[in-house]
């Protein structure tokens, strides 16, 4: 843009890059679309297809405004941008879950216990999550009420570094071409 030295994008705001760079959005959307095109089925231990179960009810109506494919698509986009995807799924009576709401990964803070390799269960590594609303209000979410999907980066077991950070130079070049 008339400068002699390189100008690099700030890749910490992955959502903004997703909105502004169509090439990035196309790749992430295609992956999310492929993930959301499945239709899950439930089978019992004998291999017989289960027709009635609370999990099937959740898949049929995950929340008030989204279909199952919308939920999976949203989580696929979040995973593509942040290597993490979160969904609020509170346990109801008898352990039944009848609501699953994908949350934007950049608005969820994980509170780690400090315990790492010797833990056999994930809930021993993560104490809780905090969701920050657009208004700034915060709400704590217990481990058991959160679905946490993580795409490991090869170095960090929990809270991996976003793959978008490795695209800093090519995304900067693409953005510069538009100017």
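Residue numbers (my numbering): 11 to 189. The beta-carbon is built from N, C-alpha and C at its ideal position, and this holds for glycine as well.
Problem set entry | Cα-Cα separation, residue 103 to residue 142 | Looking at the two C-alpha atoms, the distance is approximately 27 angstroms.
Exercise. Could you give the uninterrupted runs of the beta strand (DSSP E) lying entirely in the segment 129 to 183, keeping only those of 3 residues or more?
Worked result: Within the segment 129 to 183, the runs of beta strand (DSSP E) that reach at least 3 residues and sit entirely inside it are, in chain order, 136 to 142, 148 to 152 and 156 to 160.
Exercise. So what does residue 53 bridge to, in DSSP terms?
Worked result: Looking at the DSSP assignment, residue 53 forms a beta bridge with 59.
Exercise. DSSP three-state call for residue 122: helix, strand or coil?
Worked result: Strand, per DSSP.
Exercise. Taking the alpha-carbon positions, what's the residue 3 to residue 121 distance?
Worked result: There is simply no residue 3 to check, as the chain begins at 11 and stops at 189 in what is shown.
Problem set entry | Spatial neighbours of residue 42 in its chain, beta-carbon cut-off 6 angstroms, leaving aside the 5 residues before and after | Around residue 42: 83, 86 and 87.
For this session: Flag this pair as touching only if the segment 24 to 34 and the segment 69 to 80 have three or more C-beta atom pairs under 8 angstroms; answer yes or no.
Result: No: the two stretches stay apart, fewer than three of their Cβ pairs being nearer than 8 angstroms.
For this session: Quick one: measure Cβ to Cβ for residue 178 and residue 52, integer angstroms, because I've assumed they're closer than 8 angstroms.
Result: Not quite, the Cβ-Cβ distance comes to about 42 angstroms (not below 8 angstroms), so this is no contact.
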